[in-house]
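Novice:
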Amino acid sequence: MHNSGELSSLDRAIVAALQLNGRATWKAVAVAVDSTETTVARRAQRLLDSGIVRVVGVVDVLLCGLGTPALVGIRCRPGRTAEVGAAMAARDDVRFVTTVSGGTDVVAEFVVDGRAGLLDIGGPVLADPTLVDRVDHYPVLRTFRGIHDWDPGALPAEASAVLRPRKVPTFEATASTADQGGLDDLDHAIMGQLSQDGRRNYGEVASALDTSQATVSRRMDALLSTGRIRFRTLVQPSALGLPEEIMLWCKVSPAGLTAAATRLAEHPAVKYLVAASGEHQLIGRAALRDYESIYPFLTEDIAGIEDITDASITPEIQVLKRSWQLTLKGARQ
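Per the UniProt record's numbering, residue 1 is the first one in the sequence shown, and the count goes up by one each step.
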């Protein structure tokens, strides 16, 4: 992703608006950032064309019956972190990878085919003792904050209301068996198109798939209304003035897990938070304005939440993969 350090205040506001609603019209963005539609359209298109910002469609893998998320923490052999991280980022079943400093060297988010998929997760790379010392599995039990839902608080509440007029259910929070699947090849093809460019309109998607605009409109509306697809803005948090990305690892008493997770998810710095099985019951990601902000975030914000009995933080060094693309019948690339 391209350097975002030279953005103007208006550019940053536009990025913040797209973070709230990646498919918002330029008119709606202009209202939210108090500018003209012409200016916003010109600036936003430049941000998109430069690669500083990308809007992509993301599927709820639970609702679509594509698998179950699982986080994996990898402790690498000395000097092998970059190799392991690159191997994880190249995998079709991985949708997020970062290197971190601390007891773990690489964190990856897999989408696995049920519990059986955990048995050979990561393939031969994670089984290679010359590359890896230890692998910890954290199957995700429930999502409390998805990055697609994140509001970093960069815009006033009134502006956020313009861009997000209605509250939507948390992404990948849960799904019953009855909710899963039910999608055909065309649904998957539409999701594949939107995973490449989330701002493609009905006509562009219809043309690419050689079908009618009315059909695409109806299918897209159904995918959106059922929560099977959302739109995410891919951008370095530094473009929002939040360059310090960290991972959170919290131990929580079972009785207080829901309350603690709900409260922590409401913190504007927290952009991702899940309940998981394993040594840490809450695992998350946060973006802060600088390195000095990490200490009070840990000792005041997190420590102030009842039922969190222990917490640690690992700064992210380099995010190697922020999203994946969906192709026909759910194949990833």
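Each residue gets a CB set at the ideal place from its N, CA and C atoms; glycine is no exception.
Is it buried or exposed, ALA51, if we count other Cβ atoms within 10 angstroms and call 16 or more buried?
Specialist: The amino acid at residue 51 is misidentified as Ala; the sequence shows Gly. Classification of GLY51: exposed, given that the 10 Å Cβ count is below 16.
Novice: Judging by CA-CA distance, which residue of ALA116, PHE231 and ALA259 is the nearest neighbour of ALA24?
Specialist: The shortest Cα separation from ALA24 among ALA116, PHE231 and ALA259 belongs to PHE231.
Novice: Candidates PRO254, ALA255, GLU300 and ARG142: which alpha carbon is nearest SER267's?
Specialist: Per the sequence shown, the amino acid found at residue 267 is His instead of Ser. Comparing Cα-Cα distances from HIS267 to each of PRO254, ALA255, GLU300 and ARG142, the minimum goes to GLU300.
Novice: Distance check for VAL94 and GLY192, CA to CA, integer angstroms please.
Specialist: Each residue's alpha carbon lies about 16 Å from the other.
Novice: Do you know offhand how far ASP34's Cα is from ALA157's?
Specialist: Straight-line Cα distance between these residues: approximately 13 Å.
Novice: In terms of residues, what are the limits of the alpha helix (DSSP H) holding THR309?
Specialist: Segment 308-321 is the beta strand (DSSP E) holding THR309; no alpha helix (DSSP H) there.
Novice: Among VAL274, GLY256, ASP310 and GLU245, whose alpha-carbon lies nearest the alpha-carbon of ARG289?
Specialist: It is GLU245.
Novice: One question on the structure: do GLY73 and VAL135 come within less than 9 Å of each other, judged by their Cβ atoms?
Specialist: Yes, Cβ-Cβ distance for GLY73 and VAL135 is below 9 Å.
Novice: Between the beta-carbon of CYS76 and the beta-carbon of ASP105, is there less than 9 Å?
Specialist: Against a cut-off of 9 Å, the Cβ pair of ASP105 and CYS76 comes out as a contact.
Novice: So, using beta-carbon positions, are ILE190 and LEU234 closer together than 9 Å?
Specialist: Going by C-beta atoms, ILE190 is not nearer than 9 Å to LEU234.
Novice: Do GLU316 and VAL100 have their beta-carbon atoms positioned less than 9 Å apart in this structure?
Specialist: Contact flag set, yes.
Novice: DSSP state of ARG91, grouped into three classes?
Specialist: Residue state, collapsed to three classes: coil.
Novice: Given residue 335, which residues of its chain have a CB within under 6 Å of its CB, disregarding the five upstream and five downstream residues?
Specialist: Beyond the ends of the chain as shown, which are 1 and 333, falls residue 335; an answer cannot be given.
Novice: Going along the chain, which residues of its own chain have a beta-carbon closer than 8 Å to the beta-carbon of LEU328, five neighbours each way excluded?
Specialist: Caution is warranted here: a pLDDT of 45 is assigned to LEU328, below 50, making its placement in the model unreliable, and the coordinate value is therefore given only provisionally. ASP185, HIS188, ALA189 and GLY192, listed in sequence order.
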